[in-house]
Every structure is written in C-alpha cells, then in structure tokens.
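>
Protein chains: 2
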Amino acid sequence: MARISIIGTGNMGQAIAGVFGKGGHSVQLLGQADAASAVTGDIVVLAVPYGAVASIVAERRDSLAGKIVVDITNPVNFETFDSLVVPADGSAAAEITKLLPESKVVKAFNTTFAGTLAAGVVGPNTTTVLLAGDDADAKSELTGAIAAGGLKVIDAGSLARARELEALGFLQISLAAGEKISWTGGFGVVA
Amino acid sequence: MARISIIGTGNMGQAIAGVFGKGGHSVQLLGQADAASAVTGDIVVLAVPYGAVASIVAERRDSLAGKIVVDITNPVNFETFDSLVVPADGSAAAEITKLLPESKVVKAFNTTFAGTLAAGVVGPNTTTVLLAGDDADAKSELTGAIAAGGLKVIDAGSLARARELEALGFLQISLAAGEKISWTGGFGVVA
Chain G
1 MARISIIGTG NMGQAIAGVF GKGGHSVQLL GQADAASAVT GDIVVLAVPY GAVASIVAER
61 RDSLAGKIVV DITNPVNFET FDSLVVPADG SAAAEITKLL PESKVVKAFN TTFAGTLAAG
121 VVGPNTTTVL LAGDDADAKS ELTGAIAAGG LKVIDAGSLA RARELEALGF LQISLAAGEK
181 ISWTGGFGVV A
Chain C
192 MARISIIGTG NMGQAIAGVF GKGGHSVQLL GQADAASAVT GDIVVLAVPY GAVASIVAER
252 RDSLAGKIVV DITNPVNFET FDSLVVPADG SAAAEITKLL PESKVVKAFN TTFAGTLAAG
312 VVGPNTTTVL LAGDDADAKS ELTGAIAAGG LKVIDAGSLA RARELEALGF LQISLAAGEK
372 ISWTGGFGVV A
C-alpha cells in the first residue's frame, strides 16, 4: 500500500483520490485551508492549475525532496486558448523539475478527464493513464499504485515526452471546450 | 463524388485510397514512376514521408494551386526518435503551407495508423480522422469525402492545431515503436 498525498481538492484532485482509494492506498487530500499541514505521502500529486504550482512548490520544496511528485497540469493559455504558456520545446513538467531538482517528477493524469478517471472508462475503453518521467523506479511505483485502482497505465517514456502528453491534453481540452467531444469522452488508448 | 489524387503508394497512401474508394470517390494513386503524370484530383493527398514533401511540392506547385492539399506527415526525427524536425512552435503543415501559399492545406490522417484506416476501427472505436486547417470550405469538403468512407471526422480547429496533431502522431508512433501499443491500435476518439 502506497501513501499518497494530493494537493488540490478540485474535480481532478477528487477523481485521483478516488482512483487511489479504490486501490486500497492511504490518501491525504490537502486543500487551500491545509497549507500548514505536512505532506505525509511518498507520492505527492500536484492537482492544482499550472499557475498555482510555483507558489505551492516554493512553500513545500523541502518536504517534497526525495518524493515522487506527480504533475497533472495542462498549462493552457486560457486567454488565447491557442497555445500553452510553457516554452514550445519544453513542458510544465520540465519547468516543475527545475523547481524541484531533488524530487522525482512524473507527468501523469493530464490526458484523462476527471470524469473518465471516476468512471474508469472512456467510452468502450478502459481509462489509460499515460506517464512520462526520467526515474524508472518512480514510474514503476506510480504505475502499481494507479493500476491497483483498476485503470491501465502506459509509460510513454522520458520526461521529454511530457511535451507530447501536454499537447495531447491541450488538444483534448480544446475539443471538449469546442463541443467536438464531451468531458466524459476524449482519447481512449487501445493497446 | 470527389476526385482525389494521392501522391505516394506506401501503406498510408494505399489505406487512404481505400477509405476514399469505399466512399465512392474517384481515386488517382500516383507513385514515383508517375512523376510526369498530371494530378487530376481536386483534393490532393501528400502521402509521402515528410522529407520527400519539399521536392514533390517544388515539382508540382503550379498544379496544386487552388486545390485542397492534405498533409498527413509526422515529421519525426528518426535519428533521435526524441523530437520532430520542424520548429517546436510550428508544424509540418505550417511549413508546407509556406511552400504552397496558393493551396488550401489541411492536416489530416497523421493520427491514424494505416491499419486503423483499413479496418475502420481502433479497437472498439470507429476510426476518427482529426483535421486542422484554416479554410473552412476545404475542411468541410474533405470531411464529407472521408465520412463517405465510413470513418468519423472531427475538425480540431485552425492550422495551428496541426502542432498538437503532430505531437499526438509522434507520441502514437513512439508508443508503437516501443511496443506499448500495436500498429493496429493507438488513440481512439470518444465523442
């Protein structure tokens, strides 16, 4: 059983808590009122908008050292809805890695809408969580923890692949915002 | 009935010819031996590797003016398999648009493996072709022509979205090359 801390109590934080809860893991869910509470998990999910990450990371940097930190963000420029706010050849995950050099950053959950995490399916497909990261052990531990909750997991490669996962997340959000797909649909992964 | 020309007789060219053939369209399939043959279609699909596009476009630029030109490429850097060979904030489609300013360039078919075009399904999902382009009429005509062949089509937006479609195509290829998914699987789109 893994100990998971989730910072952020929005739709995604709650849906991710549900996945880990189904897997029998211990879940600590921290909201804005819990800023003074210590993070107890070995895996810490930053389930907040990208714009809120830097200040949370600044406050909790020391307590995140050595831990698996999961970046779920889609750094969409919500003013233009036409690009991301991170460098074109980089990713939010790469930026967060710079802020947390002593943590093991893994990109995950940014390509799965909250509804598909809760339902466990994207239409006829079992929901698949795509990961990217440079620490194989961290990805392996996270994979086990997610799979225990009934979802599929695919390791998409090094942290560099976060760029493509974020492009996929952006595309999926833009399709849903444009009513081309629903917020309970999106990209299903067929192995 | 639309008149379609497909330049390129590889797996993708043949699979795309099959889709349009099912839709009852007239299909001209042009291989390397047909360099002297005039393009007869109103919709011209460039079904060749990205590295071969520039020379084909240079030879056929005048005959492509005014036509719908479909870019299906995934400009993967096959030496590193870690990035694309186009600018990070751009796309192959944007580069091709620069080469063909008088054509109506539409990105399509780069997120669907040949096997899923031929089968009409990605696992339990009907194969969905994602489009991006700046000419609404061109996208509408192409949508009708593809849908007649039994596939779903989603307009992902302006040509700027080709960047995300190419990231998705690259991710899908890298997952298949890494044996995380099969070449008959990949991303299914659930509306």
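Chains as they are written, first to last, in the numbering used here: chain G, 1 to 191; chain C, 192 to 382. Glycine included, C-beta positions come from ideal geometry on N, C-alpha and C. Please read these numbers as outputs of a predicted model, since none were measured by experiment.
Could you say which of G:Thr-126, G:Gly-178 and G:Leu-64 lies nearest to G:Glu-102 if we only look at CA atoms?
Looking at the Cα atoms, G:Leu-64 is the closest of the given residues.
> Would you say G:Ser-91 lies against chain C (beta-carbon separation less than 8 Å)?
No, G:Ser-91 lies away from the interface with chain C (no Cβ there is under 8 Å from its Cβ).
> In chain C, which residues lie with their C-beta within 8 Å of the C-beta of G:Ile-181?
Here the neighbours are Ile-345, Val-380, Val-381 and Ala-382.
> Could you tell me which uninterrupted alpha helix (DSSP H) segments, each at least 4 residues in length, are contained entirely in the segment 8-50 of chain G, listed from first to last along the chain?
Counting only runs of 4 or more, we get 11-22.
> For chain G, find out if any of its Cβ atoms is closer than 8 Å to the Cβ of C:Val-276; answer yes or no.
Output row for C:Val-276: interface = no.
> What did DSSP end up calling C:Phe-361 once you bin it into helix, strand or coil?
In the structure shown, C:Phe-361 sits in a helix (DSSP, three-state: H, G or I).
> Are the C-beta of G:Ala-167 and some C-beta of chain C separated by less than 8 Å?
Output row for G:Ala-167: interface = yes.
> Can you list the residues of chain G that C:Ala-368 reaches, using a CB-CB cut of under 9 Å?
The premise fails here: C:Ala-368 is roughly 10 Å from chain G at the closest Cβ pair, so nothing lies under 9 Å.
> What three-state label does DSSP hand G:Asp-89 in the structure shown?
Reduced to three states, the DSSP call for G:Asp-89 is coil.
> Can you find at least 3 beta carbon pairs, one from the segment 167-176 of chain G and one from the segment 142-150 of chain G, that sit closer than 8 Å?
The answer is no - the segment 142-150 of chain G does not touch the segment 167-176 of chain G, with fewer than three Cβ pairs under 8 Å.
> Among G:Ala-119, G:Met-12 and G:Arg-3, whose alpha-carbon lies nearest the alpha-carbon of G:Asp-71?
Residue G:Met-12 is the option with its Cα nearest to G:Asp-71.
> Expressed to the nearest angstrom, what Euclidean distance is found between the alpha-carbon atoms of G:Val-44 and C:Gln-223?
Cα to Cα, G:Val-44 sits roughly 55 Å from C:Gln-223.
> Within its chain, find whatever has a CB closer than 6 Å to the CB of C:Ala-208; leave out the 5 residues flanking it on each side and keep chain order.
For C:Ala-208, where only same-chain residues beyond five positions count, the Cβ hits under 6 Å are Ile-197, Val-218 and Leu-220.
> Going by beta carbon distance, what residues of the same chain come within less than 7 Å of G:Phe-20, once the five residues before and after it are set aside?
So the qualifying residues of the chain are Ile-4, Val-27, Ala-145 and Gly-149.
> Tell me which residues share the same chain as C:Asp-233 and place their Cβ nearer than 7 Å to its Cβ, disregarding the 5 neighbours each side in the sequence.
Ala-193, Arg-194, Lys-258 and Ile-259, listed in sequence order.
> Quick one: give me the first and last residue of the alpha helix (DSSP H) that C:Asp-262 is part of.
First-last for C:Asp-262: 259-262, but that is the beta strand (DSSP E), not the alpha helix (DSSP H).
> The segment 54-76 of chain G: which residues have C-beta closer than 8 Å to a C-beta of chain C, in chain order?
Against chain C - using a Cβ distance shorter than 8 Å - the segment 54-76 of chain G contributes no residues.
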